[in-house]
Amino acid sequence: MTYSPSKPLRARRLLPWLVAVTLLLVFSGGLVHLITESWWFESVGYQPVFWLRIRWQLGLGLVAFALYSGGLWVNYQMARRITRDRTYRLSSRYTDPDQLQQVERFIHWGAAGLVFLLSLGVALRGAAAWQTVLQFLNPTEFGTPDPIFQRDIGFYVFRLPLWQGLQENLLGLLIWALLIASTVYALKGEVRPERGWKYFLTGEAKAHLCLLLAAIAAVLAVGFWLDRFALLYSDSGVIFGAGYTDVHARLQAYWLMSFVTLAVAALFLIALGRSGFSLPIFGIVIYLGVLVLVNGLYPWFQQNFVVEPNELTIERPYIEHNIAFTRAAYNLTSVVSEPFPADNSLDRTVIDANEPTVGNIRLWDYAPLLSTYKQLQEIRLYYNFSDVDIDRYTLNGDYRQVTLSARELPVEQLPPEAQNWINRQLKFTHGFGLVMSPVNQVTSNGLPDFFIRNVPPSSTVDLPLDQPRIYYGESTGNYVFTGANTDEFDYPEGDSNAAYRYTGVGGVPLNSWLRRLAYAFDLGNARLIISNYFSPDTRIHYHRLIAERVRQVAPFLTYDSDPYPAVIDGRIKWIMDGYTSSDRYPYSEPLNRRTDMVSLVENNSPLMRNGINYIRDAVKVFIDAYDGSLEFYARDAQDPLLATYSRIFPNLFKPIDDLPTSYRGHLRYPQDIFTVQAQMYRAYHMENPEVFYNREDLWRFPEHGEEGGITAMEPYYIIMKLPQLEREEFMQILPFTPANRDNMIAWMAGGSDGDNYGRLLLYEFPKQELVFGPTQVEARISQTPEISEQLTLWSQQGSGVIRGTLLVIPVEQSLLYVQPIYLRADQGELPELRRVIVAYDDRVVMGETLGQSLEAIFGGATAPPPADPGAEPAQPSPVSDLVQSALESYQTGQQALQQGDWQRYGEAQQELERLLQELSQQNPQQQNP
1 MTYSPSKPLR
11 ARRLLPWLVA
21 VTLLLVFSGG
31 LVHLITESWW
41 FESVGYQPVF
51 WLRIRWQLGL
61 GLVAFALYSG
71 GLWVNYQMAR
81 RITRDRTYRL
91 SSRYTDPDQL
101 QQVERFIHWG
111 AAGLVFLLSL
121 GVALRGAAAW
131 QTVLQFLNPT
141 EFGTPDPIFQ
151 RDIGFYVFRL
161 PLWQGLQENL
171 LGLLIWALLI
181 ASTVYALKGE
191 VRPERGWKYF
201 LTGEAKAHLC
211 LLLAAIAAVL
221 AVGFWLDRFA
231 LLYSDSGVIF
241 GAGYTDVHAR
251 LQAYWLMSFV
261 TLAVAALFLI
271 ALGRSGFSLP
281 IFGIVIYLGV
291 LVLVNGLYPW
301 FQQNFVVEPN
311 ELTIERPYIE
321 HNIAFTRAAY
331 NLTSVVSEPF
341 PADNSLDRTV
351 IDANEPTVGN
361 IRLWDYAPLL
371 STYKQLQEIR
381 LYYNFSDVDI
391 DRYTLNGDYR
401 QVTLSARELP
411 VEQLPPEAQN
421 WINRQLKFTH
431 GFGLVMSPVN
441 QVTSNGLPDF
451 FIRNVPPSST
461 VDLPLDQPRI
471 YYGESTGNYV
481 FTGANTDEFD
491 YPEGDSNAAY
501 RYTGVGGVPL
511 NSWLRRLAYA
521 FDLGNARLII
531 SNYFSPDTRI
541 HYHRLIAERV
551 RQVAPFLTYD
561 SDPYPAVIDG
571 RIKWIMDGYT
581 SSDRYPYSEP
591 LNRRTDMVSL
601 VENNSPLMRN
611 GINYIRDAVK
621 VFIDAYDGSL
631 EFYARDAQDP
641 LLATYSRIFP
651 NLFKPIDDLP
661 TSYRGHLRYP
671 QDIFTVQAQM
681 YRAYHMENPE
691 VFYNREDLWR
701 FPEHGEEGGI
711 TAMEPYYIIM
721 KLPQLEREEF
731 MQILPFTPAN
741 RDNMIAWMAG
751 GSDGDNYGRL
761 LLYEFPKQEL
771 VFGPTQVEAR
781 ISQTPEISEQ
791 LTLWSQQGSG
801 VIRGTLLVIP
811 VEQSLLYVQP
821 IYLRADQGEL
831 PELRRVIVAY
841 DDRVVMGETL
851 GQSLEAIFGG
861 ATAPPPADPG
871 AEPAQPSPVS
881 DLVQSALESY
891 QTGQQALQQG
901 DWQRYGEAQQ
911 ELERLLQELS
921 QQNPQQQNP
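Encoded structure:
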């Protein structure tokens, strides 16, 4: 007679295999993705960074899973062992032993599943805490103690988060263990309410639950002890941070609650040797009473009857702490303040002496210029300019401020019928070149005067662009393949297209069948296996969005919202600014916490959405647009956060001293951090606690009108010479106005060149004199009859008038106000710069060019001195000037005629007639001097 195993036995033997296959299917995608990501990190040269993170994430996840599941499972099994002679109440309705066994098995597997799910969640949280753990193990001292506990700031930034996380998770473990054990005891009838509330639980079950409750009380006591440090982030008082009530009421309350909770834990332990639950229940009642009294009523009484009647006097030292620590956290202590007389002493000589400043005044706003770039230089519908950026170059010997934009190729813009796999992944792989134009020049047609334009790029300046192709950028969201058995599209060339084969080292080589199989599985695309286009030289390029690319390598940094391209050594390099930030700096005011501190500047930066209260401009990242190579440079060697990250990842950051000179010339102080610092400085320039408390000198950003409403002014870059500097430098500036006034009170400048990089200068105007703010100057412009009439006339004749940003330009000790005016046909998307308004002192003029407006106020430019002292100075030729002006008017009229703009055509013809008449009068004078 042969033995045949029963069906339950066969099922038990198959169960491990089923579980293994299920886990393999569930986690296979993650494992394959892990492998492909390791290949990507290898391709960019940061594989050690990747594996360090993976080891810690995997290790922390496994440890958290083992400890959590072990703790829960031990308590569950302990409850089962204690009640081993009892059956579940749910099974009392069954008499068949097999049915009873099935009920037991169902509950057992249900408990195992609950433990697994809870432990898996904790494991995922543990893996996500890799950064917190590594910071805890590699702390850096700030060198500044907090004013309450005298602990270094590094304790709060690097150590306290881990202690708090461990306490919270341990408390969760004990509570879930208590719930699971209590459920087992309740289902098995160990809990007997009929005995009364003192004796409803006895024996080993009571001892088990008392031990768990004692542990919970002890962990709660640790929580109260840690909550003392959290008082330094209190937002319940007049300032952010611990106030009088926090220090003199809540701090003592937390100490007392720690001792009371420990006493409750001791009562639970004492109850192990006593019958009944009366002693622990008495302790819990005392605990709740003390909690309400000392943690609720006592602080409330202190705040309302001690602090508020004498708030300024009592809170004064804590206001001083808030001011000092906020200024340190945002690096506002480095701001150098100087008086600015705004004495209106400009004349033609001063204007000419400051030609580098005046000649680099930005006349093109970003939005109109981007629209113009798109209309004139996108060339084909699949090209796109996503942004306009600003930088400076030495071109043909001149230090020039320019705007530029990279011409990218987002495949989403291909026609729907061309949206196939070959085009998206093999053909349309890269953008091509960029456009560059000076900020202050326009053609006679009111359009940008391009330095670099067209495809392939043509240039009028001495700036080589040897590799114009853009495989990595701001719009390159899809993955592509290069080195395939088909040519890539390079650029349009007449009726045909130029072809190209990638020669760079970017991307991951697909040089084996295994790699193709892995990426086919990871991307869910079988074409990688069956397509004949692939060869051993094929490379796959992904993570091509530069913001995504840098976050893959260094996710612990916060990045500026405005990466910008630069032409460096003949290649296009993207430059990104990386910030170290924290929300753990004691007493430092978080961004956007108070309504009177919130800036009206619209900004897409993550800095404006997070509650950070510490920030440093710490890292500069360079990304090659052709091969995607990444370079991280540690700029701020004094930043403790960056020092900690450098110890964690010793091979990630290069020292800033190794930054090539060609790179250094394109660093600019980022707009996001400058905006954050300016925003905080609006209140935290007030260092007197009484003035700060009363908000007597609160500032705000000036407001100006734009299409669609009123917005706050953003910082803007400019080349200018500050009074104490020897030469012009590239910097950004931002004016301030009082909180409830429109006159200007000060302006701030942030340097970007050389040793002045990151240097913040504040120039304050005399408080006893009126200095017009941008809003007031815009009102004066609107009230100038000849200007308002002209703008109204244009608006009524089929053209949209766009008033550009009103720029406040400091020139030596005076201020110029400049506003460009653009015209755009109602049916068109091609804004043209048609007028420039200049306001100075009590005069407001509008001219066709900035030079004409300045000439109307300050007179004509002075002639340059002769090169040879013994030679007669060269006389200007008015006839040649008139001929050139007449030619420009003719060209303007012809373009307007082609566009059907009859208004502008008539104006051009009138101007041409006037110039010809003047020319006819000049000719006799030239012939008969």
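My numbering numbers the first residue of the sequence shown as 1 and each following residue consecutively. For each residue, glycine too, the CB sits at the ideal point set by N, CA and C. This one's a predicted model, so the numbers in the text were calculated from it and none came from an experiment.
Open item on the list: Could you check whether Tyr840 and Ser752 sit closer than 8 angstroms to each other, using their CB atoms as the reference points?
Closed with: In the sequence shown, the residue the question calls residue 752 occupies position 752. In the sequence shown, the residue the question calls residue 840 occupies position 840. No, they are not a contact pair.
TODO: Return the chain-ordered list of same chain residues with a C-beta closer than 8 angstroms to the C-beta of Gln875, the five sequence neighbours on each side being excluded.
DONE: Translated into positions along the sequence shown, residue 875 becomes position 875. Any reading at Gln875 must be qualified, since the residue scores a pLDDT of 45, below 50, and its modelled position is unreliable; no value is offered.
TODO: For Trp364, count neighbouring Cβ atoms within 10 angstroms of its own Cβ and tell me buried if that reaches 16, exposed if not.
DONE: Translated into positions along the sequence shown, residue 364 becomes position 364. Flag for Trp364 reads buried.
Task: Residue interval of the beta strand (DSSP E) (run including Gly241) - done: Residue numbering aside, residue 241 sits at position 241 when the sequence shown is read from its first letter. Unbroken run through Gly241: none, as it is neither H nor E.
Open item on the list: If I measure Cβ to Cβ from Ala871 and keep anything under 7 angstroms in the same chain, skipping five residues before and after, which residues do I get?
Closed with: Locating residue 871 in the sequence shown gives position 871, counting from the first residue. Residue placement at Ala871 is poorly supported in this model, since its pLDDT is 43, which falls under 50; the coordinates are not used for a value here.
- [ ] Go ahead and pull the three-state DSSP assignment for Ile33.
- [x] As a working mapping, residue 33 is identified with position 33 in the sequence shown. For the record, residue 33 in the displayed sequence is His; it is not Ile. In this structure, His33 counts as helix in the three-state DSSP scheme.
Task: Beta-carbon proximity list for Ala634, same chain, < 8 angstroms, skipping 5 on both sides - done: Within the sequence shown, the letter at position 634 stands for residue 634. Correct list, in chain order: Ala618, Val619, Leu642, Ser646, Phe653, Lys654, Pro655 and Ile656.
Task: Of the listed residues Ala484, Ser43 and Arg616, nearest to Tyr330 (C-alpha basis) - done: Taking the sequence shown and counting its residues from 1, the one referred to as residue 330 is at position 330. Out of Ala484, Ser43 and Arg616, Arg616 has the C-alpha closest to the C-alpha of Tyr330.
Task: Selected residue, minimal CA-CA separation from Tyr681, among Tyr626, Leu62, Phe325 and Val264 - done: On the sequence shown, residue 681 is found 681 positions in, with the first residue counted as 1. Nearest option by C-alpha distance: Phe325.
Open item on the list: Can you tell me whether Tyr3 is buried or exposed? The criterion is at least 16 other CB atoms within 10 Å of its CB, across all chains shown.
Closed with: Reading the sequence shown from its first residue, position 3 is the one you call residue 3. Confidence is the limiting factor: at Tyr3 the pLDDT is only 45, short of 50, which leaves the residue's position unreliable and the question unanswerable from this model.
- [ ] Would you mind listing the beta strand (DSSP E) stretches within the segment 545-572 that are 3+ residues and don't spill past its ends, in chain order?
- [x] 564-568
TODO: Would you kindly report the start and end of the unbroken beta strand (DSSP E) that includes His541?
DONE: If you number the sequence shown from 1, residue 541 lands on position 541. Where His541 is concerned, the enclosing beta strand (DSSP E) stretches over Arg539 to His541.
Task: Those runs of the alpha helix (DSSP H) which lie wholly inside the segment 341-372 and span at least 4 residues - done: 348-353 and 355-358
TODO: Excluding the 5 residues preceding and the 5 following Asp868 in the sequence, name in chain order all residues of the same chain whose CB lies nearer than 7 angstroms to its CB.
DONE: Here residue 868 refers to the residue found at position 868 of the sequence shown. Because the pLDDT at Asp868 is just 45, under 50, the model does not fix this residue reliably, and the point stays unresolved.
TODO: Between the Cα of Ala249 and those of Leu269, Asn295, Pro536 and Ser458, spot the shortest distance and give me the residue it belongs to.
DONE: Position 249 of the sequence shown, counted from the first residue, corresponds to residue 249. With distances taken between Cα atoms, Ala249 lies closest to Asn295.
Task: Where Arg803 falls: helix, strand or coil (DSSP) - done: Working through the sequence shown from its first residue, we reach residue 803 at position 803. In the structure shown, Arg803 sits in a strand (DSSP, three-state: E or B).
- [ ] Could you check if Leu600 is buried or exposed, using at least 16 other CB atoms within 10 Å of its CB as the buried criterion?
- [x] For the purposes of this step, residue 600 is taken as the residue at position 600 of the sequence shown. Summary for Leu600: the model assigns pLDDT 41, below 50, so the residue's position carries little reliability, and this model does not support an answer.
TODO: Would you list the one or two residues that DSSP bridges to Ala38?
DONE: As a working note, residue 38 is residue 38 in the sequence shown. Ala is not the amino acid found at residue 38; the sequence shown has Ser there. Per DSSP, none; premise fails for Ser38.
TODO: With a 10 Å radius around its C-beta and 16 neighbouring C-beta atoms as the bar for buried, classify Leu312 as buried or exposed.
DONE: For the purposes of this step, residue 312 is identified with residue 312 of the sequence shown, where counting begins at 1. Leu312 should be labelled exposed.
- [ ] Please report how far the alpha carbon of Glu812 lies from the alpha carbon of Leu761, in whole angstroms.
- [x] Start at 1 with the first residue of the sequence shown, and residue 812 comes out as number 812. Start at 1 with the first residue of the sequence shown, and residue 761 comes out as number 761. When rounded, the distance between both Cα atoms is 15 angstroms.
TODO: Would you list the residues sitting across from Tyr208 in a DSSP beta bridge?
DONE: On the sequence shown, residue 208 is found 208 positions in, with the first residue counted as 1. The question names Tyr, but residue 208 is His in the sequence shown. Answer is none; His208 lacks a bridge partner.
TODO: Pair every Cβ in the segment 393-406 with every Cβ in the segment 493-504, then say whether three or more of these pairs are closer than 8 angstroms.
DONE: no
Open item on the list: Taking a contact to mean a Cβ-Cβ separation below 8 angstroms, would you say Leu232 touches Ile148 in this structure?
Closed with: As a first step, residue 232 must be located in the sequence shown, where it is residue number 232. As a first step, residue 148 must be located in the sequence shown, where it is residue number 148. Yes, Cβ-Cβ distance for Leu232 and Ile148 is below 8 angstroms.
Open item on the list: Can you look up Arg843 in the DSSP assignment and give me helix, strand or coil?
Closed with: The residue you call residue 843 lines up with position 843 of the sequence shown. If DSSP states are grouped into helix, strand and coil, Arg843 belongs with the strands.
Task: Inter-residue CB distance, Leu72 and Leu118 (contact presumed, cutoff 8 angstroms) - done: Indexing the sequence shown from 1 puts residue 72 at position 72. Indexing the sequence shown from 1 puts residue 118 at position 118. At roughly 7 angstroms, the Cβ-Cβ gap stays under 8 angstroms, so Leu72 and Leu118 are in contact.
Task: Tyr716 - partner residues in DSSP beta bridges - done: On the sequence shown, residue 716 is found 716 positions in, with the first residue counted as 1. Ile733, per the DSSP bridge assignment.
Task: Local Cβ density within 10 Å of Phe340, reported as buried at 16 or more and exposed below that - done: As a working note, residue 340 is residue 340 in the sequence shown. Phe340 is buried by the Cβ-count criterion.
- [ ] Return yes when the Cβ of Phe224 is within less than 8 angstroms of the Cβ of Ala254, no when it is not.
- [x] Along the sequence shown, read from residue 1 onward, the residue named residue 254 stands at position 254. Along the sequence shown, read from residue 1 onward, the residue named residue 224 stands at position 224. According to the sequence provided, residue 254 is Tyr. The question's Ala does not apply to it. Result yes, Cβ atoms of Tyr254 and Phe224 sit closer than 8 angstroms.
Task: Buried versus exposed call for Gln671 [16 or more other C-beta atoms within 10 Å across all chains shown] - done: Residue mapping note: residue 671 aligns to position 671 of the sequence shown, counting from 1. So Gln671 counts as buried.
Open item on the list: So, at 7 angstroms on beta carbons, what are the nonlocal neighbours of Tyr533 in its own chain, with the 5 sequence-adjacent residues on each side left out?
Closed with: On the sequence shown, residue 533 is found 533 positions in, with the first residue counted as 1. For Tyr533, where only same-chain residues beyond five positions count, the Cβ hits under 7 angstroms are Leu426, Ala484, Asn485 and Thr486.
Open item on the list: Less than 7 angstroms between C-beta atoms, sequence neighbours within five positions excluded: which residues of the same chain meet that for Leu272?
Closed with: Here the question's residue 272 lines up with position 272 in the sequence shown. Result list for Leu272: Ala207 and Cys210, in chain order.
- [ ] Can you tell me which of the three DSSP states Tyr933 falls into?
- [x] No information on residue 933 is available, as it lies outside the stretch 1 to 929 that the chain covers here.
- [ ] Within its chain, find whatever has a CB closer than 7 angstroms to the CB of Tyr614; leave out the 5 residues flanking it on each side and keep chain order.
- [x] Locating residue 614 in the sequence shown gives position 614, counting from the first residue. Closer than 7 angstroms at the Cβ level, and outside the excluded window around Tyr614, lie Ala329, Ser581, Ser582, Tyr585 and Ser588.
Open item on the list: On the DSSP letters alone, give me the boundaries of the beta strand (DSSP E) that Thr394 sits inside.
Closed with: As a working note, residue 394 is residue 394 in the sequence shown. Its beta strand (DSSP E) spans residues Asp389 to Leu395.
TODO: Determine the DSSP secondary structure at Leu916, reduced to helix, strand or coil.
DONE: Translated into the one-based positions of the sequence shown, residue 916 becomes position 916. Helix.
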